[in-house]
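Q: I'd like to ask some things about the structure below.
Chains as they are written, first to last, in full-length UniProt numbering: chain F, 1 to 669; chain R, 1 to 669.
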């Protein structure tokens, strides 16, 4: 499909403005056999068969109304054409008859094996092959290059292709998937893993049909080249999104978490997508958990914007080594800041040596720089040539063709460029994210298999026994069936205790008066037992020491399967929706990174004399929970709430295990 | 300074690369009297006096070493030159002798009245006057236009000027302030208020020397034209920032709050600054608390990115009226989404009528649109001409000169443009922010004067009595000096009660065991009194009902003076630094907007059956606290923590009033 020897445009037209006409024009630069097909136009072939008889046809661009597409597709398949694109809309996204039209296309794909891109897309660009199989004008001007775009939407595919072109990047491939009846994002990603022309991939996601398949493809691809992902739908866009693709919206958070775990670098908007994938297509850091950034600026003000932005991305900008600072002192006037950032004052011929000096600092793994374009004062490409050895991102401020030429010269020299400090920061952020991703390999360590447990109902005590088998700490306690057992338990555990009803059917024990805390004497125990609502079994458990409450859960996501969720406890945090997500099973390194993603992470680092989280301990608990869900298909959900961080480590204070049947029986859950 | 008849370049040079040479070249387009001064070059004037004798000289551009600048400045003043720019560095920001050089400049300014821009700046551009008083090449290519830039840094001034030029905007003025010995941001802002060429102002702030002066200037200016502000320093950049300007870093949050309250629209980075000020320079919404956005897109995918981004900016995208939808149904194929966003499917000649129809919807106050550039399918400028009557922001995707020309044509027609969905969303966000700002006038309503209270120490009871005079609700309680009074108070108040030590010297009562809650009987009261640490006075107070705890404080900011701070209570929120800030005195409308800025605002809107905040009630309490601080210069700080939101309204559960002396006595506060 992406490297055809011949293309047939079916429904080609000579009326400007018509899809078929624009497409024929877009393809006019194609060097292979280009066959225009329209049975009502004598100057064209009257069928795909006729076109294929005249020369090789590997790809059919189908520009006929939705109702006629399946017949053309069948005709193409019969003529041994191996791939087709249906550009127009009017299929599943339109509802009604469109659903049938789409089903027809799927049927022919299944029967004939022809590969189909679309429907409801605006095609693809493969500039190296000279194929601009798109009806959007201007695409023929997009240069061949090293960035690939895989976009859910044809419109976004083109928007990104043009933004990349404006930023000086050429493309290896840009494909918009549309309704993705046959060719899906994973298909194109798999293709790109082996595509020698592609150095970095931009992935745009609206919804995910097959989560595990997408994750597997991104894993494979990101092991070979960087993948930058933009996921739409942070906010409520469901109704419009559904109308667009006919698919249900996938959870934005879960999709992002899954893609990151599969090795993708995440960005928040299309501008940063361009900054990120553009930078990663020309340079890349080796794996590293926390690489150091050296900042060199020819003007202090933009340097300050850059530093502020880098700090916001949690980039480490370390103080330079003394020897580095000594060398810089010989190069720069004393008035400038030289510890990192390094401010050269005015740009001058010494810039090259300054850059080389900072690049050689043992703590610096990547250079971030900015200068206004002042060719009389400094030859930027020449200066940057001196800073070889580590990746460089450089911002060049200015306007006009000379500035553009300088930026392109830097790109050609393997230096990532930007027009402004934010662009530099976004590119550096992407390089760092990519280095961090590489340092956390997605492969799982070998570890003990999770226990297989019975499906069915679990009360708190039973759930905690399962946690115990995973090595999760709980408070000493006993399940009791009567008052005598409770008093014996009180003596064994030692007061004060918590007294809690045990009933798998009661999910909110506190709300029904089923929890009594701080029970300090036998008399209080009797009072507490009197007040438990019709309890047959109850738990007498030692009170936990104070600490910071977390919530850790394992659930089944309808798209991605088992996922882990970590948040801070309490209503406030819930209202802020501050949660870290991972697919299960999870590697210990991945799980250990979860708390660092929480906005409230400061609370876990000894805030005001409080306890400090051992991320390895948390990782063990989280991985265990995930493993348990994976090993037990009958379980629907496990939640430890709260999982308390104490000065002695993590303690599970309450736990819920829901089986799939139980889950169905509690629709409010 | 900004519209001189004649300019002298002192220290002009013929060696390319030298400051004086570049500057002379930048000014070569100046139509007035341009006099090059260099006593060591026979082809130039040998003094400012000689230059001024040959023709009018209003402005001296001083390009000599720092140590020689003050002499040249004095010479210029003596030659009746009224304004000067010192471009070079080596002054206060460099420390050492530089501080003296800067002091010398200030002295001559004070003695002679000559106005001085800089030192340590890269000059200014006034394209309408043909004055490109900057040593950065390329500035001469910046077109005259309607956007003004006022930047703390010369480098940022140029970076912004170039970014604006790239986005198609011309400039009325771009001034970089540098060390701002004489001409400060407020001076330039005051100038711009009366500048007919300027339609919108971009303000870049690194630190603020005189908070009230800046606020007053922004207030005056924003009443006449939109001001968009970018404040640097969200993250820790203090050391580098100090090296840059020699000034202490101003609080980022407080500066942002002050500028917003003064009427500025805030942005987060330089790209959004360009989007925002560019849009506001061509179009503007009338005042409105929550204008409605109509979204029209020719491609669903980019439209989804746009909608997602708009929702993130809390833009309201209302469902279109039925009559609007009926009209759209006659214009568009049934497959497209038409409720808002409106997706036209493929762009076609009907786009103009679609835009006009959405623009005419009674709920739509501003149009946001996006289309790939497809001139064969639709004439965008023509289509957008049909949508007159309300402001429009339109994104045009594509690359190449034809696309640039289309964007410029739209700009000329008063339509804000962008290259991508994010740019459209940022521009719309700025228009909405500007409309909201206009709807909350900065003027204060007339209200009762705050009581004048004694300076000195306040214990909790005394502090609550002051709150009572402001009309703030507290729980019924009594200050007691002995056990008998306490028991009488218990009977009068009714149990359970809180018992708290009263001692103005103890700021953290709980930490010293000075607070006992839920005291339910006379016996428990005796126990509690026994455990109070050496109390001479204590408070017996009714227990408060449950609710959501807020923290409300009034403090004196060293730069801006009295400020109000509102946050949610509790450690978690503190760790998240989620706080809304206003300068005091504050209008009730401004104060009522504070809770809406909190990330955790959902907790104040009946979260899980909890109480709902009456923002007017909160505004009254906040305004009262601010007024109190303003009316009592002897007070340093007032904090109500917690201020509890209950189902019956707000209740102050604890209060601290610190006088300036007391503040000094407690350095840990």
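In this text, a Cβ means the ideal position worked out from N, Cα and C, and glycines have one as well. Please read these numbers as outputs of a predicted model, since none were measured by experiment.
(1) I'd like the span of the alpha helix (DSSP H) that includes residue 364 of chain R, first residue to last.
(2) Quick check on residue 557 of chain F: does DSSP put it in helix, strand or coil?
(3) When the distance is taken between beta carbons, is residue 193 of chain R closer than 7 Å to residue 220 of chain R?
(4) Would you tell me roughly how many angstroms separate the C-alpha atoms of residue 46 of chain R and residue 257 of chain R, rounded to the nearest one?
(5) In chain order, what residues of the stretch 420 to 434 of chain F put their CB closer than 7 Å to some CB of chain R?
(6) Alpha carbon to alpha carbon, how far is residue 378 of chain R from residue 6 of chain F? Give it in angstroms, no decimals.
(7) Straight-line CA distance for residue 672 of chain F to residue 361 of chain R?
(8) State buried or exposed for residue 326 of chain F, treating a residue as buried only when at least 16 other CB atoms are found within 10 Å of its CB.
(9) Look up residue 641 of chain F in the DSSP assignment and say whether it is helix, strand or coil.
(10) Note down the Cα distance separating residue 246 of chain R from residue 550 of chain R, rounded to an integer number of angstroms.
(11) Verify the CB distance criterion: does residue 613 of chain F have a CB-CB separation below 7 Å to chain R?
(12) Cβ of residue 365 of chain R less than 7 Å from any chain F Cβ?
(13) In three-state terms, what does DSSP make of residue 401 of chain R?
(14) Buried or exposed for residue 382 of chain R, going by 16 or more other Cβ atoms inside 10 Å?
(15) Taking 7 Å as the cut-off, decide whether the C-beta atoms of residue 63 of chain R and residue 11 of chain R are in contact.
(16) What residues from the stretch 153 to 169 of chain R come within 8 Å of chain F, judged by C-beta to C-beta, listed N to C?
(17) Would you check if there are 3 or more beta carbon pairs closer than 8 Å linking the stretch 589 to 596 of chain R to the stretch 608 to 619 of chain R?
(18) Establish whether the CB of residue 374 of chain F and some CB of chain R are separated by less than 7 Å.
(19) Looking at residue 297 of chain F: is its Cβ nearer than 7 Å to the Cβ of residue 328 of chain F?
(20) Taking the C-alpha atoms as reference points, what is the distance between residue 98 of chain R and residue 303 of chain R?
(21) Residue 240 of chain R touches chain F at which residues, Cβ-Cβ below 7 Å?
(22) Helix, strand or coil for residue 500 of chain F per DSSP?
(23) The stretch 310 to 326 of chain F: which residues have C-beta closer than 7 Å to a C-beta of chain R, in chain order?
(24) With residue 43 of chain F as the anchor, note down where its alpha helix (DSSP H) starts and where it stops.
(25) In angstroms with no decimal places, state the Cα-to-Cα distance between residue 402 of chain R and residue 167 of chain R.
(26) Less than 7 Å between the beta carbons of residue 229 of chain F and residue 277 of chain F, yes or no?
(27) Once DSSP output is grouped into helix, strand and coil, what is the label at residue 390 of chain R?
(28) Please list, in chain order, the residues of the stretch 253 to 265 of chain F that have any C-beta partner in chain R closer than 7 Å.
(29) State the Cα-Cα distance for the pair residue 654 of chain F and residue 539 of chain F, rounded to the nearest angstrom.
(30) Which complete beta strand (DSSP E) runs does the UniProt domain "CoA-binding" (1 to 91) of chain R hold, if anything under 3 residues is left out?
(31) Looking at the C-beta of residue 595 of chain F, does it have a partner C-beta in chain R at a distance below 7 Å?
(32) Does any residue of chain F bring its CB to less than 7 Å from the CB of residue 448 of chain R?
(33) Along chain F, in chain order, which residues have C-beta atoms closer than 8 Å to that of residue 104 of chain R?
(34) Taking the straight line between their C-alpha atoms, what separation do you get for residue 700 of chain R and residue 293 of chain F?
(35) By the 10 Å Cβ neighbour count, where 16 or more other Cβ atoms means buried, how is residue 373 of chain R classified, buried or exposed?
(36) For residue 416 of chain R, which residues of its own chain have a beta-carbon under 6 Å away from its beta-carbon, when the five flanking residues on both sides are left out?
A: So, to answer that:
(1) No alpha helix (DSSP H) contains residue 364 of chain R, which DSSP labels as neither H nor E.
(2) Residue 557 of chain F falls in the strand class under three-state DSSP.
(3) Yes; because the gap between Cβ atoms is below 7 Å, this pair is in contact.
(4) Rounded to whole angstroms, residue 46 of chain R to residue 257 of chain R spans 50 Å at the Cα level.
(5) 420, 421, 422: these are the residues of the stretch 420 to 434 of chain F whose beta carbon lies less than 7 Å from some beta carbon of chain R, given in chain order.
(6) When rounded, the distance between both Cα atoms is 31 Å.
(7) With chain F running from 1 to 669 in the structure shown, residue 672 of chain F is simply not present.
(8) Classification for residue 326 of chain F: exposed.
(9) If DSSP states are grouped into helix, strand and coil, residue 641 of chain F belongs with the strands.
(10) Low per-residue confidence applies at residue 246 of chain R: pLDDT is 45, beneath 50, and the placement is therefore not dependable enough to give any value.
(11) Judged by the 7 Å Cβ criterion, residue 613 of chain F is not in contact with chain R.
(12) Answer no: the Cβ-Cβ gap between residue 365 of chain R and chain F never drops below 7 Å.
(13) Residue 401 of chain R: helix per DSSP, three-state reduction.
(14) Exposed: under 16 other Cβ atoms inside 10 Å.
(15) Cβ atoms of residue 63 of chain R and residue 11 of chain R: closer than 7 Å.
(16) If the cut-off is 8 Å between Cβ atoms, the stretch 153 to 169 of chain R has 153, 154, 155, 156, 157, 158, 159, 162, 163, 165, 166 near chain F.
(17) Contact between the stretch 589 to 596 of chain R and the stretch 608 to 619 of chain R is present, with at least three C-beta pairs closer than 8 Å.
(18) Answer yes: the Cβ-Cβ gap between residue 374 of chain F and chain R drops below 7 Å somewhere.
(19) Not a contact, by the Cβ cut-off of 7 Å.
(20) So the alpha carbons of these two residues sit roughly 54 Å apart.
(21) Here the neighbours are 304, 307, 337, 341.
(22) Reduced to three states, the DSSP call for residue 500 of chain F is strand.
(23) Per Cβ criterion, the list reads 311, 312.
(24) Neither: residue 43 of chain F is in no alpha helix (DSSP H) and is coded neither H nor E.
(25) Residue 402 of chain R and residue 167 of chain R have their alpha carbons spaced roughly 14 Å apart.
(26) It is not a contact, given that the beta carbons lie outside the stated cut-off.
(27) Correct three-state label for residue 390 of chain R: coil.
(28) Under the 7 Å Cβ criterion, the stretch 253 to 265 of chain F contributes no residue.
(29) For residue 654 of chain F and residue 539 of chain F, the distance between alpha carbons rounds to 11 Å.
(30) For the UniProt domain "CoA-binding" (1 to 91) of chain R, whole beta strand (DSSP E) runs of length 3 or above, ordered along the chain, are 6 to 10, 33 to 37, 59 to 62, 83 to 86.
(31) Not closer than 7 Å to any Cβ of chain R, the Cβ of residue 595 of chain F fails to qualify, so no.
(32) Not one chain F Cβ lies under 7 Å of residue 448 of chain R.
(33) None at all; the shortest Cβ gap to chain F is about 17 Å.
(34) Here chain R has residues from 1 to 669 only, and residue 700 of chain R is not among them.
(35) Residue 373 of chain R comes out buried.
(36) Only 279, 282, 283, 393, 427 meet the Cβ criterion.
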